[in-house]
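Chemist: Chains as they are written, first to last, in the working numbering: chain A, 1052 to 1232; chain B, 1052 to 1232.
C-beta atoms are modelled at their ideal positions from N, C-alpha and C, and glycine is treated no differently.
All values derive from a computational prediction rather than experimental measurement.
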DNA sequence: CAGCTCATGTAACTGGTTACATGATTGA
DNA sequence: TCAATCATGTAACCAGTTACATGAGCTG
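(1) Would you please verify whether the beta carbon of residue 1167/B is less than 8 Å from any beta carbon of chain A?
(2) Leaving out five residues before and five after residue 1114/B in sequence, what residues of the same chain have Cβ atoms less than 6 Å from its Cβ?
(3) Just to make sure I have the definition right: I need the residues of chain B whose C-beta is within less than 7 Å of the C-beta of residue 1153/A. Which are they?
(4) Give a yes or no on contact between the region 1136-1147 of chain B and the region 1185-1202 of chain B, applying the rule of three or more CB pairs nearer than 8 Å.
(5) In or out: residue 1157/A buried (at least 16 other Cβ within 10 Å) or exposed?
(6) By Cβ distance below 8 Å, which residues in the same chain neighbour residue 1097/B in space, the five residues on each side in sequence not counted?
(7) Give a yes or no on whether the minimum CB-CB distance between residue 1161/B and chain A is below 8 Å.
(8) Does residue 1053/A have its Cβ less than 8 Å from a Cβ in chain B?
(9) Excluding the 5 residues preceding and the 5 following residue 1207/A in the sequence, name in chain order all residues of the same chain whose CB lies nearer than 7 Å to its CB.
(10) Within the same chain, show all residues whose beta-carbon is closer than 6 Å to that of residue 1117/A, passing over the 5 residues directly before and after it, in chain order.
(11) Does the structure place the region 1194-1204 of chain A close enough to the region 1063-1080 of chain B that three or more beta carbon pairs sit under 8 Å?
(12) Which stretch, first to last residue, makes up the beta strand (DSSP E) that contains residue 1121/B?
(13) Contact between the region 1151-1170 of chain B and the region 1120-1136 of chain B: three or more CB pairs below 8 Å?
(14) Thinking C-alpha only, which one of 1084/B, 1120/B and 1220/B is nearest residue 1202/B?
(15) Taking the DSSP output, what are the residues bridged to residue 1067/B?
(16) Cβ atoms of residue 1205/B and residue 1216/A: under 8 Å apart, would you say?
(17) Less than 8 Å between CB atoms is the rule here; does residue 1156/B satisfy it with respect to chain A?
(18) Does any residue of chain A have a CB that is nearer than 8 Å to the CB of residue 1046/B?
(19) Per DSSP, residue 1106/B is paired with what?
(20) DSSP three-state label for residue 1139/A, please.
(21) Per the DSSP calculation, residue 1074/A is bridged to which residue(s)?
(22) For chain B, is any of its Cβ atoms less than 8 Å away from the one on residue 1089/A?
(23) Determine, using beta carbons only, whether residue 1096/B comes closer than 8 Å to chain A.
(24) Can the beta-carbon of residue 1167/B be found less than 8 Å from the beta-carbon of residue 1222/A?
(25) Between residue 1284/A and residue 1164/B, what straight-line distance do the alpha-carbon atoms span, to the nearest angstrom?
(26) I'd like the span of the alpha helix (DSSP H) that includes residue 1167/B, first residue to last.
(27) Which residues of the region 1208-1223 of chain B have a Cβ closer than 8 Å to any Cβ of chain A? Give them in chain order.
(28) Output needed in chain order: residues of the region 1164-1191 of chain B with a Cβ under 9 Å from some Cβ in chain A.
(29) Can the beta-carbon of residue 1139/B be found less than 8 Å from the beta-carbon of residue 1199/A?
(30) Mind checking whether residue 1187/A and residue 1142/B have CB atoms under 8 Å apart?
(31) In chain order, what residues of the same chain have a beta carbon less than 8 Å from the beta carbon of residue 1059/B, not counting five sequence neighbours either side?
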């Protein structure tokens, strides 16, 4: 249940409205946690009811922008949750299911799809490295910057892994194709 | 929507009952796709209604073991799905949300949790490497074995990444702790 | 035949997704 | 002033999770 805490974090970094949050979830925060605007509005309402956030200008509803800020109770809840133990989620990837299916039913078009994934991961890797070069030329200086850098590095590491794996998979699938024909 | 296709793959590898499938989802298949027995039974019923699988012995219900095998229509569906294009799912990890929260609200107990995660990832990595040593001493020989090996390697790569990342995170969090006190 | 375990199954709930609706603001 | 766009919101749905129930078969 990370969404409420991702929202608290985002609102602490800078108070803003639901639509702005949706925008931020398409960029920085969205690199490691995604949310649609429907989820965000639903959750903001809940957080307000819980007394963890409050609207800055108590003006009314539909169509009018409504910015929120975090209340002390929200900050306290975020602190509690951040230090809480969590089990690491096991790997869960559709591509692995497909590879295992290929192993059973023989050659399919899967290799085409992996080539296209490779291109996308290369693109994302380049994006992250560009951001890293621009925003963290000397790593992080303050504690906050170091932690932000760390999260970005996780993205770089993950995309690098995917690039490596896609190349390996393409090699295996192509080689096997040749041997089969 | 991988579960039906994971089940088709498992049943092609070896026809079996729901409870046996649940067991297999705790081991090999479960390393990259998890499912509870409730999900499995629900899905098996659906697959049978779709005409993709059929019970081997048409004996009745509750309490009696019911083994299934894949029908030609099921195999065809699996082939179709395997070659289908899929967008790579973006990284989505609670730990990144927590790190970002730490960056905003200052030191918490997070580093303890990461130390415990590190131990778990090391354990899983050792398990995967043990399986690799035992089952793939010379890599894969046939196409099928090579693909199975590839999937296992993905597990090794992912756990290695997590081990590296946890160590990096512990370094940053500890160092920052010292600087803060 | 009592009690245990195995195998199958039901029900309620949660987080996330998709499709659609409506009020407010802006600018040609 | 009206069409486009922005901001907020409702509803239905889907995959996955948790808790619990019940029939079948085995063992002491």
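Modeler: Straight from the coordinates:
(1) Cβ-Cβ to chain A under 8 Å: yes for residue 1167/B.
(2) There are no such residues.
(3) Scanning chain B for C-beta atoms nearer than 7 Å to the C-beta of residue 1153/A yields 1133 and 1198, reported in chain order.
(4) Contact between the region 1136-1147 of chain B and the region 1185-1202 of chain B is absent, because fewer than three Cβ pairs lie under 8 Å.
(5) It is exposed - the Cβ of residue 1157/A has fewer than 16 other Cβ atoms within 10 Å.
(6) So the list reads 1055, once near-sequence residues are dropped.
(7) Answer yes: the Cβ-Cβ gap between residue 1161/B and chain A drops below 8 Å somewhere.
(8) Yes, its Cβ sits closer than 8 Å to a Cβ of chain B.
(9) Excluding its 5 nearest sequence neighbours in each direction, residue 1207/A has C-beta neighbours in its own chain below 7 Å: 1176, 1179, 1180 and 1183, listed in chain order.
(10) Excluding sequence neighbours, residue 1117/A sits near 1068 and 1106.
(11) The region 1063-1080 of chain B and the region 1194-1204 of chain A do not touch, with fewer than 3 CB-CB distances between them shorter than 8 Å.
(12) Counting along the chain, the beta strand (DSSP E) containing residue 1121/B begins and ends at 1118-1121.
(13) The way I'd put it, the region 1151-1170 of chain B doesn't touch the region 1120-1136 of chain B; fewer than three beta-carbon pairs between them come closer than 8 Å.
(14) For residue 1202/B, the closest C-alpha among the options 1084/B, 1120/B and 1220/B is that of 1084/B.
(15) Beta-bridge pairing links residue 1067/B to 1119/B.
(16) Against a cut-off of 8 Å, the Cβ pair of residue 1205/B and residue 1216/A comes out as a contact.
(17) Interface residue (Cβ-Cβ distance to chain A less than 8 Å): residue 1156/B is classified as such.
(18) Outside the displayed span of chain B (1052 to 1232) sits residue 1046/B, for which this structure offers no information.
(19) The bridge partners DSSP lists for residue 1106/B are 1119/B.
(20) Coil at residue 1139/A, not helix or strand.
(21) Secondary-structure assignment with DSSP links residue 1074/A through no beta bridge to anything.
(22) Interface with chain B (8 Å Cβ-Cβ cutoff): residue 1089/A is excluded.
(23) Taking 8 Å as the threshold, the shortest C-beta distance from residue 1096/B to chain A does not fall below it.
(24) In this structure, residue 1222/A does not lie closer than 8 Å to residue 1167/B by Cβ.
(25) In the structure displayed, chain A extends from 1052 to 1232; residue 1284/A sits before or after that span and is not available.
(26) Run containing residue 1167/B: 1161-1186, per the alpha helix (DSSP H) assignment.
(27) So the list reads 1208, 1209, 1212, 1213, 1215, 1216, 1219, 1220 and 1223, given in the order they occur along the chain.
(28) Only 1164, 1167, 1168, 1171, 1172, 1175 and 1191 from the region 1164-1191 of chain B bring a Cβ to less than 9 Å from some Cβ of chain A.
(29) No, the Cβ-Cβ distance between residue 1139/B and residue 1199/A is not below 8 Å.
(30) The Cβ atoms of residue 1187/A and residue 1142/B lie no closer than 8 Å to each other.
(31) The residues are 1098, 1103, 1104, 1121, 1125, 1126, 1128 and 1129.
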